[in-house]
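Novice:
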Amino acid sequence: MRFENTGIENQTAPLARLDELMESLGFVRAGQWDYDRVTYDRKFEIKNDVFYLRVQGYAIEGDVGGRHAIIKLMKPLLGKHYYPHGVEYGEGENFPSSLVNQCEALLAKVKEGLANINA
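In structure tokens:
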């Protein structure tokens, strides 16, 4: 599921500040990066299902490995994990409305944090 009109897509931020913001909201970047891209995931476990809210971005200046990059964010995704195949983000997936609401609230906090970074 792709979240539209969250206000974070196309926003930019310095990587170090973005890492701090995302970590404070429970997102993990860990080893999910290369020199041009970053991926932040927030895991949700509901009953026997596992879901991930994913926020991706790419460097428009610098490189991620040097931690001196400016990151431009993309539209966030919500996916469901299927063992052993991985995460599916397709439009055919059904997500609990409480999860979607929780994700929207988190994305609003990301937007607010980005506004503070870029103020």
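Numbered according to the numbering used here, the sequence shown spans residues 18 to 136. C-beta atoms are modelled at their ideal positions from N, C-alpha and C, and glycine is treated no differently.
#1: Please report the residue range of the beta strand (DSSP E) in which residue 45 lies.
#2: Determine which residues share a DSSP beta bridge with residue 61 and list them.
#3: Do you know how far the Cα of residue 38 is from the Cα of residue 124?
#4: Using a threshold of 8 Å, state whether the C-beta atoms of residue 72 and residue 112 are closer than that.
#5: With a Cβ-Cβ cutoff of 8 Å, do residue 68 and residue 102 count as a contact?
#6: Which value, in whole angstroms, describes the spacing of the CA atoms of residue 58 and residue 133?
#7: What is the rounded straight-line gap between the Cα of residue 84 and the Cα of residue 114?
#8: Output the distance between the C-alpha atoms of residue 54 and residue 95, rounded to the nearest integer angstrom.
#9: Could you tell me which of 108, 48, 127 and 110 sits nearest to residue 91, measuring between CA atoms?
#10: Near residue 80, what residues of its chain come up, given a Cβ to Cβ distance below 8 Å and the 5 sequence neighbours on each side ignored?
Specialist: Once the coordinates are examined:
#1: Careful: residue 45 lies outside any beta strand (DSSP E) and carries neither H nor E.
#2: In the DSSP assignment, the residues bridged to residue 61 are 68.
#3: Residue 124 and residue 38 have their C-alpha atoms roughly 11 Å apart.
#4: Not in contact: residue 72 and residue 112 (Cβ atoms no closer than 8 Å).
#5: no
#6: 21 Å
#7: 36 Å
#8: So the alpha carbons of these two residues sit roughly 18 Å apart.
#9: 127
#10: Excluding positions up to five away in sequence, the list reads 52, 53 and 86.
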